[in-house]
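Take 1293 as the starting number for the sequence shown in our numbering and just add one per residue. Have a look at the structure below before the remarks.
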Amino acid sequence: LAQCFNWTLFGILCLQVYIYTLRFSKDLTYIKTLVYTVFALDLFFMAAITHAGWAVLVANWGDVNILHLLPWTWAMVPVNSGVVSCIVQLFFAYRIWKLSKSWKMPTLIALITITQCVFAIITGTIAAHVRTFHYIRDFLPGVWLVGSITADVLISATLVHILWGSQTGFKDTDGVVMRLIRLTIEAAAVPSICAAVKLALIYSYHDNRHLIFCVVLGRLYSN
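Below is the structure:
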């Protein structure tokens, strides 16, 4: 299921990048660089995660021992989520700084998202050496996922606060602002809920059902 959802979201991402290339060719260089960097990272992580899925579900189908000697590409799952979410969240922190002209909240968001990215990379590094799913119930994934959720909530709350204060009293303008507020909340809610469900499954069940949410988490940020 995780692989199916993963490829579906990646297909949507490819379409989004194609439309972006056609319609926003005059965007600022740093924004285009950000978009194509995230897409290139997603392409790499998709190849790694697909290799990992093939090794477990096809090449070694029926061999339970594979769960105790996983291919190194499984280690890319937390790294994928941590790195992509960090890039996206830092971009939003920058936008908050530009809109609010204040450095306090953007700095806090940046510190949290860099911390969660570091812990995600550490989690992936340990996975590459241990090569089993048992490591995942250590405290490291908890810090990574809680940090990611916290950064999303802070970004969403700050943007809603800024947008709410920008209302002018004119119906048409305020209608656009309210749509932006709704989109902001929806965009932050999806990956946050996914991370929260994964966090609950990791520490509540001694199985691998949390992988369904872990594999797609990075794709939710890039989309």
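By construction, the Cβ of each residue, glycine as well, lies at the ideal position given by its N, Cα and C atoms. None of the values given here were measured: they were computed from a predicted structure.
- Selection 1444, 1418, 1320 evaluated against residue 1400 yields 1444 as nearest (Cα-Cα).
- Residue state for residue 1433 is assigned as helix, using DSSP reduced to three classes.
- Beyond the five residues adjoining it in sequence on each side, residue 1402 comes within less than 7 Å, by CB distance, of 1382, 1385 in the same chain, given in chain order.
- Of the residues assessed, residue 1300 falls on the exposed side of the cut-off, its CB having fewer than 16 other CB atoms within 10 angstroms.
- If you look at residue 1474, you'll find it in the alpha helix (DSSP H) that goes 1463–1496.
- When the beta-carbon positions are compared, residue 1508 and residue 1297 come within less than 8 Å of each other.
- Taking a 10 Å sphere around the C-beta of residue 1513, we find 16 or more other C-beta atoms and assign the residue as buried.
- Rounded to whole angstroms, the Cβ separation of residue 1446 and residue 1397 is 7 Å, and the two are in contact under 8 Å.
- Of the residues 1475, 1354, 1436, the one whose Cα lies closest to the Cα of residue 1490 is 1436.
- Residue 1324 sits in a helix when the DSSP states are folded into three classes.
- The DSSP-derived three-state label of residue 1501 is coil.
- Contact annotation, residue 1377 with residue 1405: C-beta distance approximately 7 Å; criterion of less than 8 Å satisfied.
- Residue 1391 and residue 1449 have their C-alpha atoms roughly 14 Å apart.
- CA-to-CA, the gap between residue 1349 and residue 1315 works out to about 39 Å.
- Here residue 1393 carries a coil assignment [DSSP, helix/strand/coil].
- Only exposed fits residue 1336, as fewer than 16 other CB atoms lie within 10 angstroms of its CB.
- Contact between residue 1409 and residue 1374 holds, since their C-beta atoms are separated by about 4 Å, short of 8 Å.
- In this structure, 1370 is the residue among 1485, 1370, 1388 with its C-alpha nearest to the C-alpha of residue 1432.
- CA-CA distance, residue 1473 to residue 1455, rounds to 7 Å.
- No Cβ-Cβ contact shorter than 8 Å links residue 1419 with residue 1353.
- Assigned with DSSP and collapsed to three states, residue 1398 falls in helix.
- When only Cα atoms are considered, residue 1469 and residue 1475 end up about 10 Å apart.
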